[in-house]
Amino acid sequence: MTRKALFANARIARDHGSDSAHGHGSPATCMAVRGSTIVHIGNETDPEIAQFLRHGSVDRTDLGGHLVMPAFVDAHIHLLQLGISLTKVDVRDATTLEQVCDIVRTTAAAKPDDERLLFRGWRHGVTGHGGDIAAALDAIDSRPIYLDSDDLHAAWCSTSAIKEMGLTDAPDPEGGKIHRDKKTGRATGLLEEAAVLGIVWPFLGNILSRNQKLDCIRSAASEHNKLGYTAVIDMAMDEAYWELLKDLHAEGELSVRVAAHFLVMPDGDHDELRSRVTHVADLHKKFNLTSSPDLRVAGIKIICDGVVDGCTAAISTPYLTTGEFVQPVWTAEKLQVVLNAADAAGLQCALHAIGDEAVTMAVDGLETLPSRNRRHRIEHLELTRPQDARRLGELGITASVQPVHCDPSDVNNIWPSLVGHELCSRAFAYGEFHNHGAPMAIGTDAPTAPTPPWNNAFNATTRRSFRKPDFTGNGAEINPEFAMKLSDTLKAMSYGGAYSCFGEGVFGSLEKGKKADFIVIEGKTEDWEQDPVSLLSSRALSTWLGGVQVSGDHKRGESVR
Numbered sequence: 001m002t003r004k005a006l007f008a009n010a011r012i013a014r015d016h017g018s019d020s021a022h023g024h025g026s027p028a029t030c031m032a033v034r035g036s037t038i039v040h041i042g043n044e045t046d047p048e049i050a051q052f053l054r055h056g057s058v059d060r061t062d063l064g065g066h067l068v069m070p071a072f073v074d075a076h077i078h079l080l081q082l083g084i085s086l087t088k089v090d091v092r093d094a095t096t097l098e099q100v101c102d103i104v105r106t107t108a109a110a111k112p113d114d115e116r117l118l119f120r121g122w123r124h125g126v127t128g129h130g131g132d133i134a135a136a137l138d139a140i141d142s143r144p145i146y147l148d149s150d151d152l153h154a155a156w157c158s159t160s161a162i163k164e165m166g167l168t169d170a171p172d173p174e175g176g177k178i179h180r181d182k183k184t185g186r187a188t189g190l191l192e193e194a195a196v197l198g199i200v201w202p203f204l205g206n207i208l209s210r211n212q213k214l215d216c217i218r219s220a221a222s223e224h225n226k227l228g229y230t231a232v233i234d235m236a237m238d239e240a241y242w243e244l245l246k247d248l249h250a251e252g253e254l255s256v257r258v259a260a261h262f263l264v265m266p267d268g269d270h271d272e273l274r275s276r277v278t279h280v281a282d283l284h285k286k287f288n289l290t291s292s293p294d295l296r297v298a299g300i301k302i303i304c305d306g307v308v309d310g311c312t313a314a315i316s317t318p319y320l321t322t323g324e325f326v327q328p329v330w331t332a333e334k335l336q337v338v339l340n341a342a343d344a345a346g347l348q349c350a351l352h353a354i355g356d357e358a359v360t361m362a363v364d365g366l367e368t369l370p371s372r373n374r375r376h377r378i379e380h381l382e383l384t385r386p387q388d389a390r391r392l393g394e395l396g397i398t399a400s401v402q403p404v405h406c407d408p409s410d411v412n413n414i415w416p417s418l419v420g421h422e423l424c425s426r427a428f429a430y431g432e433f434h435n436h437g438a439p440m441a442i443g444t445d446a447p448t449a450p451t452p453p454w455n456n457a458f459n460a461t462t463r464r465s466f467r468k469p470d471f472t473g474n475g476a477e478i479n480p481e482f483a484m485k486l487s488d489t490l491k492a493m494s495y496g497g498a499y500s501c502f503g504e505g506v507f508g509s510l511e512k513g514k515k516a517d518f519i520v521i522e523g524k525t526e527d528w529e530q531d532p533v534s535l536l537s538s539r540a541l542s543t544w545l546g547g548v549q550v551s552g553d554h555k556r557g558e559s560v561r
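The sequence shown begins at 1 in full-length UniProt numbering and counts up by one.
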C-alpha cells in the first residue's frame, strides 16, 4: 500500500520567491504526501485534508512550528571530488608556503604507513605559486605528495608524485601546463588546468578502490543532505564515475537526485570531439528526465578558461603581474564544433567561463545555435562586460553562479593587483544578470568552497564575506550595486537549479503534483531581511527527499485515521 504522510504544525513556504519564505504573509501549515508526491498544501481544516485522512493509515509528523522550504538544489557541484576531498587534510587556513609545509610535515609524521599524502585547499592569493614546490615537498617526505588548490584548477605535487603519474618528461597537455624550471626543464611541482583535470584527477581516482569511491559519493551526498540539499547538478562527469552513480542508484543508496554534465576536453580533432559528444548523447537517450528522472545525463561541460587567482582566466587585458594575455582554453572553431554537435543532439551545454574574454566567447558560441529552448548555461561569470550581461537575458542563457566565490577578503585584496580596478568593478554582476532576465541558478562548486547554502545567500545579498560577516568597514563589500534580493537568491538556490536542468516540474518548489523535497529550518528566519548575519546561524533541522527523511532530527509521527 502506498504510504501516506501528513506534515503538520509548520510554516510552509511553497516558493522561495514568495514573501512567506522569509517570515511574512500567511504560509500554509500542513502538507499531505502520498508516496513521494505532494497531494495538498494548506491547513488541517481544509476539506482536502479531511478527505486525505478518511481512507487508510496516515503517518503524521509534527514539525514544531518551523519554517518549511523547498530543499536546495546545488546547481554546480563535483560530488565525487567532494567526497574524496573529505578524506584529504585541509590546508585552507595556511597563509604561507612555510605553514603549508608545516601541515604536510605533521601529517607525514602522523601517517607513516600511507602510500601517499593528500591535501586540499591551498589558496593562490595567500601562498602564491611558491617557486620550486616540488623541492620543498621532497625535503619533507619521499612519498608522493599531492595538494589541490582551493579552486581545483591547480595542484602542487612532489617529484615522486610527478614521476608516478608519468609526467617527468611529458609535454603539456592541450589546455594545461606542467610548470618547469626554465634552465633545467625539471618539473617544479605546479600543475594547472588540463594537467589537473585530465591527469591528476583521473590518476588519483584510479588508485582508489571501487568501494572507496562509492563510500566517497555516499559521504558527499550525506553531507549535502545535512545542509538541506536533495538534488545536484554534477559538472565533471566521466564514464567511471557515471558507473558508480548507476550502481548506487540501483541499490537505492543515492540520497540526492543527480543531473550530470560530462566533461569534454579540447584535445583531438573535430571528428574526435564530435564522437565524444555522440557518446554523451547516447547516454542521454537512455538516462533522461522521462526514463530516469533521479539519475540522468543532462549534457556536456566545457572549460573555456581557468581562474583569476591563478592568472589563467581569459581576460581582455594583460595580467598586471606577468604582462601576458591569457587566451581561452578552446579555439573558437573547436568550441563551435562541440556546441553545434551537442545542441543538435538535444544536450545542454554548460560552459565554464570566468574571465570577460572567455564569457564573450561562450556567449558568442551559444548565440549562433538554432535552439532557443535548450537552457544552455554559463558557469561562474566572474568578470563580465555589460553587453554580455544583457545578452544572457536576451538569449535565455542560465547564469549559473556561486556567490561563495564573491568574497571581499580575496577579491578586494588580491584581484586589483592581478587584473586592475576597472575589471574588478565588473566582478560578480549577479544582480545585473537577474535584472536583464537571465535565469539564475546558484551552486556551491564544492569542493572548491565551504558548502553551507547560507554562505551563498549571505554573500549574494550583502556582497560581504561570510567569513567576516560583522565586518562593514572599508573594503567589506564587492560592488554592492550587483546585490540580489533575498527572495530572488533563495529562489535561485532551489527553483533556479531545478529550472536550469528542466527539473522544475518535479522539484524545486512545493506544489501539488511535485516531489516532497523539503527542508525544515531552524533559525531566526523572521530576522533574515533586517539582519542578514542571522542567515549564517540557520540550519536544516531535517531534510526530506520524496517525503522520506534523509537527514535530521524529526522522527516519524503517530499513525492517524
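The C-beta atom is built at its ideal place from N, Cα and C for all residues, glycine as well.
Taking the CA atoms as reference points, A427 sits about 43 Å from H40. In the structure shown, the three-state DSSP call for H261 is strand. In the DSSP assignment, A170 falls outside any alpha helix (DSSP H), carrying neither H nor E.
W454 carries a helical assignment under DSSP once its states are collapsed to helix, strand and coil. Taking C-beta separations shorter than 8 Å and ignoring five residues to either side along the sequence, the partners of D305 in its chain run T312, A313, A314, V326, P328, V329, H352, A353, I354, G355, E357 and A358, following chain order. E367 and V264 have their alpha carbons spaced roughly 20 Å apart. In this structure, the straight-line span from the alpha carbon of G547 to that of L6 is close to 10 Å. Only residues of its own chain outside the window of five on either side were considered, and among them P144, I145 and Y146 have a CB closer than 7 Å to the CB of A161, listed in chain order. Here the alpha carbon of C157 sits roughly 16 Å from the alpha carbon of S85. A136 and Q99 have their alpha carbons spaced roughly 12 Å apart. Nearest in C-alpha terms to D46, of all of E504, E223, D527 and A28, is A28. When the Cα atoms are used, S400 and E379 turn out to be separated by approximately 5 Å. Apart from sequence neighbours up to five positions away, the residues of its chain that approach M1 with a beta-carbon distance below 8 Å are G56, ordered along the chain.
C-alpha of K514 to C-alpha of V506: approximately 5 Å in a straight line. Rounded to the nearest whole angstrom, the C-alpha separation of N9 and T61 is 8 Å. In this structure M484 is in contact with H434, their Cβ atoms being roughly 6 Å apart against a cut-off of 8 Å. Secondary structure note for D102: its alpha helix (DSSP H) is the uninterrupted segment L97 to A110. When beta bridges are read from the DSSP output, L67 appears opposite R11 and I521. Partner residues in the beta bridge of C349, as assigned by DSSP, are I300. Contact between the segment 439–459 and the segment 390–407 is established, with three or more Cβ pairs separated by less than 8 Å.
Put simply, of A344, Y319, R377 and G443 the residue whose alpha carbon is nearest the alpha carbon of W415 is Y319.
The residue from H270, S316, R276 and A259 with its alpha-carbon nearest to that of N288 is A259.
Within 10 angstroms of the beta-carbon of I199 lie 16 or more other beta-carbons, which makes it buried. E333 carries a helical assignment under DSSP once its states are collapsed to helix, strand and coil. A Cβ-Cβ distance of about 5 Å is found for the pair L79 and D234, placing them in contact under the 8 Å criterion. Counting only runs of 4 or more residues that sit fully inside the segment 438–505, the alpha helix (DSSP H) segments are 453–462, 486–492 and 495–500, in chain order. Around the Cβ of A170, a 10 Å sphere holds fewer than 16 other Cβ atoms; the residue is exposed. Judged by DSSP secondary structure, E239 falls within the alpha helix (DSSP H) whose first and last residues are E239 to A250. Boundaries of the beta strand (DSSP E) harbouring E193: A187 to E193, taken from the DSSP string. Per the coordinates, the alpha-carbon of D93 lies some 31 Å from the alpha-carbon of T168. Linking S487 to Y495 through their CA atoms gives a straight-line distance of about 11 Å. Assigned with DSSP and collapsed to three states, Y229 falls in strand. Within a 10 Å sphere around the beta-carbon of A446 sit 16 or more other beta-carbons, which makes this residue buried. The three-state reading of DSSP puts E379 in strand, counting E and B together. Residues of the same chain with a CB within less than 6 Å of the CB of T489, apart from the 5 flanking positions on each side, are A457, A460 and T461 in chain order. Non-local beta-carbon contacts of L335 in its own chain, meaning distances under 6 Å to residues more than five positions away in sequence, involve G365 in chain order.
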